[in-house]
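Here's the structure, in structure tokens; my notes come after.
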Amino acid sequence: MSVSLEEYMEKEVDYAIANMKNAEQGIKETMDAFIALVTGYNIDLSNFAELKENYNKRLAEIDGVKEMSMFHNIKNITVYLELLTENINTTIRTFPTRNKRLIQEAATVSLKNASSSSSSS
0 MSVSLEEYME
10 KEVDYAIANM
20 KNAEQGIKET
30 MDAFIALVTG
40 YNIDLSNFAE
50 LKENYNKRLA
60 EIDGVKEMSM
70 FHNIKNITVY
80 LELLTENINT
90 TIRTFPTRNK
100 RLIQEAATVS
110 LKNASSSSSS
120 S
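The sequence shown maps to residues 0 to 120 in numbering that gives the first Met the number 0.
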């Protein structure tokens, strides 16, 4: 049984949409893990404004693509989501090494806060 071009393209679009949804879910979970990591160290998220800006930009693009249902854009946004997800994952993996200063500053602030609240008791 041969598949018509129309059926083939419909399946391609379905696959592209499914891949985009998976990429969207993946980046949301990765960003949640990143936020948990940063807040776990007591570091202000504003230190990662560019990363958060890219994340918000890509999520906004997803909404636009969903409305337009343009096949080419669906594939493009999926690739961007996967690249940004990998970027965030790399940041998570290298966080303790690359952000020692922020971790030390946050630890110092936490110690000061802990000592000031114990001395006021």
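No residue lacks a Cβ here, since even glycine has one placed at the ideal position from N, Cα and C.
Assignment of Y14 by DSSP, reduced to helix, strand and coil, places it in the helix class. Classified as exposed, V78 has fewer than 16 neighbouring CB atoms from the shown chains inside 10 Å of its CB. Y79 carries a helical assignment under DSSP once its states are collapsed to helix, strand and coil. In the three-state scheme derived from DSSP, where H, G and I count as helix and E and B as strand, S1 is classed as coil.
Considering only D31, S109, E60, K111, the residue with the shortest C-alpha distance to T90 is D31.
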